[in-house]
Structures are given as C-alpha cells and as structure tokens.
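Participant: Dropping the structure in here first, questions after.
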Amino acid sequence: MQLGPLECRLPARTPAWFCGLDPIILFFLLGVLSGVAQSDLRLPPQVYELLSILLLLSIGLKGGVELAAQPFAELFPQMLAVLVLGVVLPLLAYPVLRSMGRFRRVDAASIAAHYGSVSVGTFAVALAYLGSRGIPFEAHLPLFVVLLEMPAILIGIVLARGISKETRWGQVAHEVLLGKSMVLLMGGLIIGWISGADGLDPLSPLFFDLFKGVLALFLLEMGLVTASQIGSLRRHGVFLVAFGIGMPLVSGLIGAVLGSALDLSVGGTAVLATLAASASYIAVPAAMRISVPEAKPTLSLAASLGVTFPFNVVVGIPIYLYYAESVHKVLG
Amino acid sequence: MQLGPLECRLPARTPAWFCGLDPIILFFLLGVLSGVAQSDLRLPPQVYELLSILLLLSIGLKGGVELAAQPFAELFPQMLAVLVLGVVLPLLAYPVLRSMGRFRRVDAASIAAHYGSVSVGTFAVALAYLGSRGIPFEAHLPLFVVLLEMPAILIGIVLARGISKETRWGQVAHEVLLGKSMVLLMGGLIIGWISGADGLDPLSPLFFDLFKGVLALFLLEMGLVTASQIGSLRRHGVFLVAFGIGMPLVSGLIGAVLGSALDLSVGGTAVLATLAASASYIAVPAAMRISVPEAKPTLSLAASLGVTFPFNVVVGIPIYLYYAESVHKVLG
Amino acid sequence: MQLGPLECRLPARTPAWFCGLDPIILFFLLGVLSGVAQSDLRLPPQVYELLSILLLLSIGLKGGVELAAQPFAELFPQMLAVLVLGVVLPLLAYPVLRSMGRFRRVDAASIAAHYGSVSVGTFAVALAYLGSRGIPFEAHLPLFVVLLEMPAILIGIVLARGISKETRWGQVAHEVLLGKSMVLLMGGLIIGWISGADGLDPLSPLFFDLFKGVLALFLLEMGLVTASQIGSLRRHGVFLVAFGIGMPLVSGLIGAVLGSALDLSVGGTAVLATLAASASYIAVPAAMRISVPEAKPTLSLAASLGVTFPFNVVVGIPIYLYYAESVHKVLG
Amino acid sequence: MLNFLPRKLLTIVTESALEPLLKRDLERLGAEGYTIVDARGKGHRGSRDGSWGNASTNIRVEVVCDAATAQAIAAHCKKAYSDNYGMIVFLRDTQVLLEHEGED
Amino acid sequence: MLNFLPRKLLTIVTESALEPLLKRDLERLGAEGYTIVDARGKGHRGSRDGSWGNASTNIRVEVVCDAATAQAIAAHCKKAYSDNYGMIVFLRDTQVLLEHEGED
Amino acid sequence: MLNFLPRKLLTIVTESALEPLLKRDLERLGAEGYTIVDARGKGHRGSRDGSWGNASTNIRVEVVCDAATAQAIAAHCKKAYSDNYGMIVFLRDTQVLLEHEGED
Ligand SMILES: Nc1ncnc2c1ncn2[C@@H]1O[C@H](COP(=O)(O)O)[C@@H](O)[C@H]1O
Ligand SMILES: Nc1ncnc2c1ncn2[C@@H]1O[C@H](COP(=O)(O)O)[C@@H](O)[C@H]1O
Ligand SMILES: Nc1ncnc2c1ncn2[C@@H]1O[C@H](COP(=O)(O)O)[C@@H](O)[C@H]1O
Ligand code: NA
Ligand code: NA
Ligand code: NA
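As structure tokens, then:
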C-alpha cells in the first residue's frame, strides 16, 4: 500500500520500515515491547494523570488561541454534522457486532458506544503527525473532540436498554459533559480564546514547548497498557481483532468524506477521519460500567486499547491522511 | 472603583470585565466553575505537591539570585518590622471574631492565626501580576513570607490557651520553622544567593521558564478546592464571608502603610500588602489541629480557602496595588 | 589535596570551600540538612519516579543521538572489558567485608553486589559535572551503565549460595535485564539512535532542557534519603562508613586505569571511574531481597545510600576526574 | 469504665466504580459511618490489579453497624450489584468503643 | 503443629494528623507492632474524603495485642482524642500465628 | 433469605517485595481470591514507613477461605518467609455472603 506523501527524513542508517516513524511512536513501541516482555516498567497513575491533563490543556489552549480569528457562527453547521457522525457510527457498528460478532445485546451496544466516541490520545498523535509534516489544519478541531465524546454514549445506552425509565439520563449527561477531559478541553479552548497568543506567551514553555515530550511519555504508558490487553484479546478471539482494525478503516473513510463535504482542509479532514476511526478508552468505559453494568468491560477495552489504539497510532493515521488526500482529489 | 493603572491589553472581542485578567486567573475560575458544577476533575495530591514544590523553589531561587547584590545588614530593620506585623494582625482579628463573630475562644484564636500568617499561592499570583505589568519589586520579598508564617501561629496558641505549660512550644516552633514551605523557600533563597544568575542558568528551564505554567495548574487545583468550601460556608453563615473579605481589605492597608514606611518600592509595598491580606491554608491549619484541637478546622478553612484566597487572587491584588500607589503618593 | 582544574567561577562573596560546588549539589545538601533537622519535607514517591524516568530517558536519548556517528563494532572490546569490571569489583569487595568487616557470608555477598553494580544518579551528576566544565566524553557511556548493572548481582548470589540449584537464575536475569532502569536507558539509547538529533528536536524541551532542573529535584530527594540512613549507620558502626568511602576510592582508581587502557578520553575515563566507584541502591537491593533474603537489607543500603552516594556526589567525582587526568598523564 | 458495645463489622470489597453509588446506599440504609480504602485483588471475575486492563481498582469498604443494618446492606449489595460487579461481602462480630456516655 | 495464640485485634480509624502522636502512644502503651493504611470515610463529624475541605484524610490503624494492652490503648484514645478528633475504635478476637517456637 | 457461610478470614501483613511470590502461593494453595492493600507499620524488625531506608513498604493481604486453606497458607508463610521477612499472620472467623444460590 502507498501510504501517501511520507518522505523519509530519517538518516540512511535506519531500516526502511522505520521510515516516517516519529520518535513518539518509538516510545509507544518501547512501551508495547516492555509490556510484552513483562518488564516491571510502569508509570505511576498520578503521572499518567498529570500527562493527560497537560495534553488536554495544551490541545485546548492551542485551539483556542487560533480560534480567536474565526467568526463563531460559521462553525455551527460543521458542529451539527459532527454530532450526527457521533450518532451514526455506533448505529453502524452495533448490527455488525450483533450478527457477525454474535455478541450479547449489552456487549454489542457497549462496544458500539466505544467506537462511536473518540480517543484524545489518538487525536494528539494525529496533530503531532500533521505538525511534523507541516500540513496545516483548522484551529477548531478540538471542538469536534468535545462534540464526538457524548452522543455515542447515549446511543449505546439506548441500544442496550431501549429508552428505559430506569436510566438516569440527567446523571449520565452530567457525568459525560462535566467529565475531566471535556472540562479541560473546553476550558483550554475558552482560556486560549480569551487570552490570545500574546496572553498565553508566558504559559507556552509548559503547555506548548513540552507538548511533544509529554506526548512521548504518554505513549510510553499507552504502550504498556496495550501490551496488558493481549491476554484478554487471546481469550476473546479473532473477531475482536478484525473488528478493531476493520471498524476504524471504515469509520475513518466516513469521517474523511464528511470532512471533505464540510470543506475542511486536507489536514482537518485527516483529523476528522482519525477521530471517527478512534475508539474511547476513558469516558465511555466509565459511563458504560454504571449505565450498562451487564456489559463485560474487558471486551470493549481489549478491542479499543489492545487493537484500535495501536493500529491507529502506528499505521492508521497515515492511512487517514491518504484517505483525506484521495477524497479531496475526487470531490475537490 | 478605580482599580489603578490596569490598561486593557486584551483584544476588543473580550468582555470588558475580563479586562486585565491574567490567563492564570482564568485557570483559577475554570477550577471554581468545574468544582461548583461537580465535575470529576481533580489533580492528584502528588501532582499538587510537585507544583507547590516547584513554586516555592522558583520563588526562593529567583529571590536569592537577585538578593546577591544587596548588603544584608540593611534588611534587618525591615525584617523586624515584618515580624511585628505578624504579631499585630492576629491580635487585631481576634477581638473582632470574638465580639462580632461570636466565635468560641478557640475558634476565634485559630481563625486569627490563619489571617496573621500568609499564603504562598497568593504571593506567587502577586509576583506574576506585577511581573506582567512590568512593575519592579524588591528581591528579598520571599524573606518576608518566611518571617510572616510563624508568629501568628504562636499568637494563636497563646490566644487559645494562654501561656500554658501544656503546649509543647519547642515542637510547635520546630514544625513551623522546618515545615516544607519554609525549608523550600529558605533553601531556594540560599541556593540562589550562593549560585548567582550564571550558576542557576542551567536550572532556569525548569524553575523559571515553567513558572507561570506551573502557577496556572496550581490555581486550577486551588479553584477546585475553593469550590469545595462553598458547602461549609453556607453552614457557617454570612459573618465568615464578611470577615473573609473585610479582614484582608484592612490588613492589606496596614501592610501597604508599613511597606511605604519601610521605604519599599510601590511594587514591594503592594506585595507586602498582599502578604498581610493573605490567609494561611497549609501551615497554620496543620499546627492548629495539633496545638488547639478544640478549634473547628472547617471554620478557618472555609474562610481562608473559600473566601479570602479567591477574593485576593481575583480582585484583591489589584486593590493592594492601588493601596500601594495611593500610600506612596500621600506619604512619599 | 589538589582537586584538579576546578576554577572558582562563583563570585567572591561565597565561602571558599563552596568553590566549584554546582547548584545541584547544593540541592543535595539542602535535602541532607532538612532530613537531619527532621523537616517534614518529602517528595511524593510518584514524583521521585517521574524524575527517575525523565533522567534515565534523557541520558539514554542523549547517548543514542551521539552514538549515531559511531561504528558499533569498535565498541565490543570496551563492552567486554566493562563486563569483566562488573565481575571483578564484587570479588574484590567480598573478602574485605568478610575478614575486616566480619560480616556474615550473606551480608558480605549482598554488600559486595551493591558495590559491583552502579548508581545512575551518581552517573547523572558526573555527566553534569563534566558538562558544566566543558570536558568532553564519549557518547556511549550509558551503555556501560547498562553493562555494569547486572554482573555484580549474579556474583553476589553465587558468593552467598554457591551455584545453587535453588536460585531461579532465569528469573533473576529477567528481572534485572528488564528492570525499569535498564529498559528506559536502553530504550532511550535506541530511540535516540534511530531518530537522530533532528528527529528528537521537538522532544528536547522536556528531555534535554529540563535535565539539570530535574536532576536538582532528584538530588534534593536523595539528600533526604541519605539523611534517613544516618540512624542505621550509627547502629552498624564505623567499619561500614570506612568501607563506604574506601571502596569507591579504590574501585574508582581501577575504573580510571581501565578507562585509560581502553583509550577513553579523560572525560570518559572519569565517568568510568565514577561508575566503578558508585554503588547500587535500586536494582541490587530489590534483587537481593528475593534471591538472598537472609541478607539484612539495612546494612547495604546504609553503606550505599548513607555513605557512598553522598561521598561520590560531593567530593568523589572531582577526585575521579583527578584520577583520570593523572592516569592519562602517566599512561598516555 | 470503658464501654464497648456489640456490633457487626461488615466488609465489602468491590470495584472502585461503585464508590459513589455505594456511599449513597450506605447512608440510605442507615449506616452511621463507613471507612474506605483503595485495594487490589483477585476473585471469581479474575484479577483486578489496578492496571487499565481491569478497567479499575477495588475499594474495601468497612461498616460498623447493628445486625439489622448489616443485613440490609448485604441484601442490597447482593440484589443490586453482585450479578454484574466483582464483589465479596463478609461479616463478623465486633465491639465498638462508646465514645460519649449515654450515646447508644 | 501450627501455633496460633489468642489475641485482640484493635482497629482505630482517625484523622491522619494524629499519626505521629498515635504512633508514640502505641509504643508507650506496650503495642508490639501496628499496621497503618490510608483511608477515607464518613462518620458523626461528617465526610473526610481526602479533599482539602476536610482538612485531611483518615488513617486506619490495626494493632494485634493482648486484652490488657487493647484496653489501655482504647482508654487512652477515648481520653486524649475522641472529643476533638474524628475517631472510631473497635475490637475483636483474633488468633495470631506464633512465628518462632517458644516466643510467647 | 440471605445466606452467609462460615469461613476464616486470614490476614497477612508483610513486605511489599513478597507480593508477586505470595500471589502465586495463594493461588497454588487453593485461595479463591484475595484482597491487597498498601500499608506501613512497625513490628519486631523495626519500622517500615515507606521511606527508602526501610527498603520498601508493607502490604496487607486478606483471604477469605475455609479453615484448611487458611491453615495451609499460614503454614506455608511460616515456613517460607517468616524467618527472613517482616511478617504477621492472624486469623479469625467470618461469615461470607453467598452470592449465587447453590454456590457452595
Ligand atoms: N476469597 C476472597 N478473599 C478475599 N478477597 C476476595 C476473595 N474473593 C474476592 N475477593 C475480592 O473481591 C474482588 C471481587 O471478587 P470477584 O467478584 O470474586 O472477582 C476481588 O478482586 C478481590 O479483591
Ligand atoms: N460506623 C462506622 N463504620 C465504619 N467506619 C466509621 C464509622 N463511623 C466512623 N467511621 C470512620 O471514622 C472516621 C471518624 O468518625 P467520626 O468521628 O464519627 O466522624 C470516619 O471518617 C470514618 O472513616
Ligand atoms: N502486633 C502487631 N499488630 C499489627 N501489625 C503488626 C504487629 N506486628 C507486626 N505488624 C505488621 O507486620 C509488619 C512486619 O512485622 P515484624 O516482622 O514484626 O517487623 C510490621 O511492619 C507491621 O506492619
Ligand atoms: Na470514533
Ligand atoms: Na496575613
Ligand atoms: Na560500582
């Protein structure tokens, strides 16, 4: 497969297949290898939390600063379309999981919700990927993350239970809308928007200069977590692996087409494709555990963390950029 | 009210009342809002500790470096005056708390001790505030923090118990003098003083460049903590809120007059006013819990964290700068 | 004693004996003093872990980047010689500990293993020391750390038990080879080697710019730990102190001679001497606790953390540089 | 002189995700207090060692209460949670120190 | 073959601020050992969930000792701390494994 | 209605370094589950307060099991570890809630 316009910038001594691999991906692979080899390497959970907080704020602030210029009203149609995407994706995934995967209703609904929602870690890697290739993208992409996180959870609950009175909808909405990642992303966006680039200048050593280093450490830990899923995957069989790769390839394409239809740039389209292709491993599992407790949490996490996250981070993102370029050529 | 020389540097699109708000204050407000809205956002305690350690060392090192030039002996009169300030403030607060607040003796003594002592977080915000306005201040201000932390605690204990033999004075002194914040501030001052600017140069990316970002995260957490005090405040009624705002307005003025009398610059005067106006929420509560256990810790924390800290950080500091400028005009 | 080419760069006001003390050493001393004075200052263990992870990755990455140029095959003889050093040092220490120290067999074996292995913290201080004096050293020194960590552990176990069938050698090897510090050092080396200086550029604010600040915080904590060993030392008497100073002075000399014989630069020789002189306080104690449980862990930690680490960091490293220069003059 | 009262000590080990729900339940069911500690462990539903793979860690909740309350809490846990969440509930007698005279 | 000795198991849940004082007390009152765990909880004095608002977290202290020592510790806790600090003290019988022959 | 079964509750407090070994042992000796909590403490071998000087912290391991398994675990701990590692093992009766009918 032609992975698009990846020029090899690495020196000649590196093996060819490493070509185009960002060092942050090498950190991820280091984590996976250490985990598989049963090293005792482990980041303390508190460090992981600090890293997530920094990433979320960085992404939000950056987006907010650049949003400053933009007339806000123009974004509404895009925002609406992205919300619809978050509803459609789990509805696509569910029948596949039921019929081909033969999962119980609750499990299919829960997995579908994971894949309809998003992973901020994957999003950050996509931004870094485009950044290091000098491909521009829209400033308001973090807004899409915020918009995509929630709808799939509601759909997942409805798929599992119907529109049951037992579900405490208000509480579910509260927990998702005010979940840590939403608050930090939105908060960052707003602070960035108010303060502008000059105002944020004294904060940039922490939030902007360290961004890629922080992302590298984050991916090291994600690699360890990915490795810890392999046992679970082995138990749950080959369908889950196939779904974990096939689903993002399809939803990434849907995202790319939508991005292009919404007139996003090639970079923005690639990121929307990545978001569509990514699967949640934080907000959705937490919500499902409480709202659909009969669903087995190990199934969806094995797929999301054990298959889809590594797939997207290592080979998916270049593919979604290729999608974006192709779709733009065809539709543009 | 005329808040002094705050020019609005923010772009036209921002609402007028945001004018002059540093992004770090926006982080604080984000924390308060998230807390009030019951978001699950929370910084791990270990991260909070790391942030405090970095802030204390940064402040100490910075002060130490610039102290280098100064002839030490000249500072003694100032240091003595500041110690006296730390004795006078709780003695002023106590009768007000007893008569108007109708607090039990132990509670009045404990709250008075909190308000006689200082908050390093508030101090850091004041430095950032002056820094971003280019207002110069004396290098040895961190020394004042060190000097102000202790006396109010001793006064508080005496107010609660008289000069009782039961109090283990030695232990109280030991715990305060060798408390974490004292050691880091003094240690930073001394290391900065010995090493000078050149010697510290390789440390500046961590301790100086990241300062404002670290302060932003710290204030995010402080905002969450402030929000968690609101319940407690509601129980303890309106007097505590009035005291939490009135007391700093008075003690800030005393601090400003003293600063001007000691021939501090306008910036230095504003900082001394801020220190006088700030209330402790770390060292004093810990000391009171052991030395005056009958005092209710929720009372003093609700006032200090729930009222005075947010008041000082958001509107107090500009007022204290205004105090400093006015006093200098009158007395200078 | 003439400590070599230490010019005093500090301003005249500093006491003479501080001359040449890097601020990071002042952080260490601050930690020791705070600990001795029983301050409640303490870094959370998770922060300590974050600092170690950053240090190990920084050292690895830096080495890897500069290794890029080097033809790998040339290093093999050096690597072999360093492995032999790791076998010889504990064999030298053991008889001394048995006969002069009168330790039980298991204790002597365990202490010997600690001194045959290495301390990455000491290594980092040595690099910073040479760096701030502008003395160049070989890029592949981190490889030596990796090579020296393991052999002494195996020797220690054999000294304690003979070549017993009960020892699960495979597991011991697995735990050491895949121990956290090995994985991070080797991983950093490899990632640095693959990515090269340009590839790592976006990571340098975290891993390179912050290096010395991170090292300063790390040494602050190490100072506290050192102070906590003093009680233990008092119990175990004067021999342990003498050994903790004498052993590194001897093994440092052996390391210096070996470095010179291997044609290392003066800087590289000084670092190899430092590695030889340093004693483990992480990997070896963990391995010994499981493989030689009869050995008292307090003995070896008191010597390694309470005596040798502070000795090396404060006065040892300049001595080993002096060794390196002298040996180079004699042999070169 | 020292008054100890006979009580039950009920211990529940379960998934951390249940903490907010369980706290509400305990208050509703009449517990006068509880103590919670973070834990890890293994049981019929496999290992929960705090790594992500297990989605979460455990909590160990301890309630000192009278026999009826203990029964009510245990019954509620069984009905509401034990089908879908990792959980073990165990009970024993204890004696609690009466803090203030005339308290019981 | 295995020797278990009858003992008391005393548990104290109280504010973390008391840890240094309590440790000193336990040794003075003859406890041969103790085990401490960080905890959070709720009781008569409200919720102590580790957020700052509650000024601190709790500790859960466990002491295996003979009946007399348990009584002494409980009595001391009641007298010295229970008026001003959040605290619950409870007691039960246990059997402790004798580690070395001829120890008791 | 609620079925509680009589069981033993075995608690082991020991050095954290033993956690991986102990987990393997527990499974081999037939424990159906266990719960582990990080702890600190003091005993015959001195204070283990989590500072480095003590090389490590403690863990507190709790096993609900039948009497025979409890005996087997205690015996193994005594034989394999108690000479060289800080450790206390204590036992008491408990009643465990039967989660699913027809389980025992
Ligand atoms: N026999 C047992 N003894 C002690 N703790 C147990 C036992 N069985 C289960 N647990 C704890 O309860 C949690 C959930 O148990 P389970 O539902 O059996 O997976 C486990 O992760 C353990 O922490
Ligand atoms: N009935 C109870 N059961 C278990 N723990 C309790 C109980 N009552 C109080 N506690 C614990 O003891 C602490 C102090 O209790 P109190 O003094 O009642 O507020 C609480 O924060 C709980 O951790
Ligand atoms: N009497 C006791 N009561 C409670 N915990 C104990 C007791 N004795 C020992 N421990 C715990 O067991 C650990 C090891 O004990 P030891 O082997 O006696 O040093 C200590 O660090 C304590 O955490
Ligand atoms: Na998705
Ligand atoms: Na004050
Ligand atoms: Na060595």
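Chains as they are written, first to last, in my numbering: chain A, 19 to 350; chain B, 19 to 350; chain C, 19 to 350; chain D, 1262 to 1365; chain E, 1262 to 1365; chain F, 1262 to 1365. We treat Cβ as the ideally placed atom computed from N, Cα and C, and that holds for glycine. Fair warning: this is a prediction, and the values are worked out from it, not measured in the lab.
Among A:Phe155, A:Glu193, A:Ile175, A:Val194, which one has its Cα closest to the Cα of A:Thr359?
Facilitator: There is no way to answer for residue 359 of chain A, as the model of chain A reaches only from 19 to 350.
Participant: How would you label A:Ser200, buried or exposed, when you count the other beta carbons within 10 angstroms and need 16 or more for buried?
Facilitator: Per the sequence shown, the amino acid found at residue 200 of chain A is Met instead of Ser. The residue is buried, with at least 16 neighbouring Cβ atoms inside 10 Å.
Participant: State the DSSP-derived secondary structure class of B:Ala118, mapped to helix, strand or coil.
Facilitator: First, the amino acid is wrong: residue 118 of chain B is Met here, not Ala. Coil at B:Met118, not helix or strand.
Participant: Quick one: residues with CB closer than 7 angstroms to any heavy atom of ligand 4, in chain order, please.
Facilitator: Taken from the N-terminal end onward, the list reads A:Leu107, A:Tyr133, A:Gly134, A:Ser135, A:Val136, A:Leu166, A:Ser269, A:Leu293, A:Ala294, A:Ala295, A:Ser296, A:Ala297.
Participant: Taking Cβ to Cβ, would you say A:Glu65 is nearer than 8 angstroms to C:Gln64?
Facilitator: The sequence given here places Val at residue 65 of chain A; Glu does not occur at that position. The answer is yes: Cβ separation under 8 angstroms.
Participant: Bridge partners of F:Ala1292, per DSSP?
Facilitator: Answer by DSSP bridge pairing: none, since F:Ala1292 is not bridged.
Participant: I'd like to know if C:Leu293 contacts chain A, where contact means its C-beta is closer than 8 angstroms to some C-beta of that chain.
Facilitator: Not closer than 8 angstroms to any Cβ of chain A, the Cβ of C:Leu293 fails to qualify, so no.
Participant: Following the continuous alpha helix (DSSP H) through C:Ser344, name the residue where it begins and the one where it ends.
Facilitator: Start and end: 335 to 349.
Participant: By Cβ distance below 7 angstroms, which residues in the same chain neighbour B:Glu156 in space, the five residues on each side in sequence not counted?
Facilitator: So the qualifying residues of the chain are Leu282, Ser283, Gly286.
Participant: Residues of chain C with CB under 7 angstroms from F:Asn1345, in chain order?
Facilitator: Going along chain C in sequence order, the residues near F:Asn1345 (Cβ under 7 angstroms) are Pro311, Glu312.
Participant: Looking at ligand 3, does it come within less than 7 angstroms of F:Lys1303, judged from the CB to the closest heavy atom?
Facilitator: F:Lys1303: yes, Cβ under 7 angstroms from ligand 3.
Participant: Could you check if F:Cys1338 belongs to the surroundings of ligand 3, using beta carbon to heavy atom distance under 7 angstroms?
Facilitator: Not so, every heavy atom of ligand 3 lies at least 7 angstroms from the Cβ.
Participant: Chain C beta carbons: is any one of them nearer than 8 angstroms to that of F:Ala1335?
Facilitator: Closer than 8 angstroms: no.
Participant: Quick one: residues in its chain with C-beta nearer than 6 angstroms to the C-beta of C:Ile77, no 5 flanking neighbours on either side, listed in chain order?
Facilitator: So the qualifying residues of the chain are Pro160.
Participant: Leaving aside the five residues before and after B:Ala142 along the sequence, list all residues of the same chain whose C-beta is less than 6 angstroms from its C-beta, in chain order.
Facilitator: The residues are Leu73, Leu233.
Participant: Could you give the distance in angstroms between the alpha-carbon of A:Met306 and the alpha-carbon of B:His254?
Facilitator: Using only the alpha carbons, I get a separation of about 39 angstroms.
Participant: Looking at chain E, is there any beta carbon in it that lies within less than 8 angstroms of the beta carbon of F:Ile1297?
Facilitator: Chain E, which has no Cβ nearer than 8 angstroms to the Cβ of F:Ile1297, makes this no.
Participant: As a quick exercise: from E:Arg1268, E:Leu1266, E:Leu1287, E:Leu1263, pick the residue whose alpha carbon is nearest that of E:Ala1210.
Facilitator: Because residue 1210 of chain E is not part of the residues shown, which for chain E are 1262 to 1365, the question remains open.
Participant: Please classify D:Ser1308: does DSSP put it in a helix, a strand, or coil?
Facilitator: The answer is strand: DSSP assigns D:Ser1308 an E or B state.
Participant: Which bits of chain B does E:Ala1278 rub up against, with CB to CB less than 8 angstroms?
Facilitator: Near E:Ala1278 (Cβ distances below 8 angstroms), the residues of chain B are Ala304, Arg307, Ile308.
Participant: Against chain B, with Cβ distances strictly below 8 angstroms, would C:Gln96 count as a contact?
Facilitator: Cβ-Cβ to chain B under 8 angstroms: no for C:Gln96.
Participant: Which residue from A:Ala297, A:Gly273, A:Ile308 puts its Cα closest to that of A:Tyr340?
Facilitator: Checked all of A:Ala297, A:Gly273, A:Ile308; the closest Cα to A:Tyr340 is A:Gly273.
Participant: Going along the chain, which residues of its own chain have a beta-carbon closer than 6 angstroms to the beta-carbon of A:Ser318, five neighbours each way excluded?
Facilitator: Excluding residues within five positions, the ones whose Cβ falls inside 6 angstroms are Ser128, Ile129, His132.
Participant: Under 8 angstroms, do A:Leu349 and A:Phe162 count as touching if we go by C-beta distance?
Facilitator: It is not a contact, given that the beta carbons lie outside the stated cut-off.
Participant: Would you say B:Ile208 and B:Gly82 are within 8 angstroms of each other, going by their C-beta atoms?
Facilitator: Yes, they are a contact pair.
Participant: Among B:Pro266, B:Ala321, B:Leu251, B:Glu239, which residue has its Cα nearest to the Cα of B:Pro62?
Facilitator: Closest option to B:Pro62, Cα to Cα, is B:Glu239.
Participant: Should E:Gln1356 be flagged as near chain D, meaning a C-beta pair shorter than 8 angstroms?
Facilitator: Cβ-Cβ to chain D under 8 angstroms: no for E:Gln1356.
Participant: Where does B:Phe155 fall in DSSP's three states?
Facilitator: Of the three classes helix, strand and coil, the one that applies to B:Phe155 here is coil, per DSSP.
Participant: State the DSSP-derived secondary structure class of B:Ile308, mapped to helix, strand or coil.
Facilitator: Residue state, collapsed to three classes: helix.
Participant: Find the residues of chain E that neighbour D:Phe1351, judging by a C-beta separation of less than 7 angstroms, and give them in chain order.
Facilitator: Here the premise fails: no neighbours, minimum Cβ distance about 13 angstroms.
Participant: Between B:Val325, B:Gly277, B:Phe225, B:Lys230, which lies nearest to B:Tyr12 when the distance is taken from Cα to Cα?
Facilitator: Any property of residue 12 of chain B remains undetermined from this structure, which presents chain B solely from 19 to 350.
Participant: Give me the Cβ distance between F:Leu1352 and E:Thr1330, rounded to the nearest whole Å; I'm assuming they're in contact under 8 angstroms.
Facilitator: Not a contact, Cβ separation roughly 19 angstroms.
Participant: Regarding E:Arg1309 and ligand 2, is the C-beta to nearest heavy atom distance less than 7 angstroms?
Facilitator: Yes, ligand 2 has a heavy atom inside 7 angstroms of this Cβ.
Participant: Which residues does DSSP list as the beta-bridge partners of D:Asn1319?
Facilitator: D:Glu1276, D:Ala1300, per the DSSP bridge assignment.
Participant: Which residue comes first and which comes last in the alpha helix (DSSP H) that contains A:Phe229?
Facilitator: Residues 229 to 246.
Participant: I'd like to know whether the C-beta atoms of E:Arg1321 and E:Val1298 end up nearer to each other than 8 angstroms.
Facilitator: Cβ atoms of E:Arg1321 and E:Val1298: closer than 8 angstroms.
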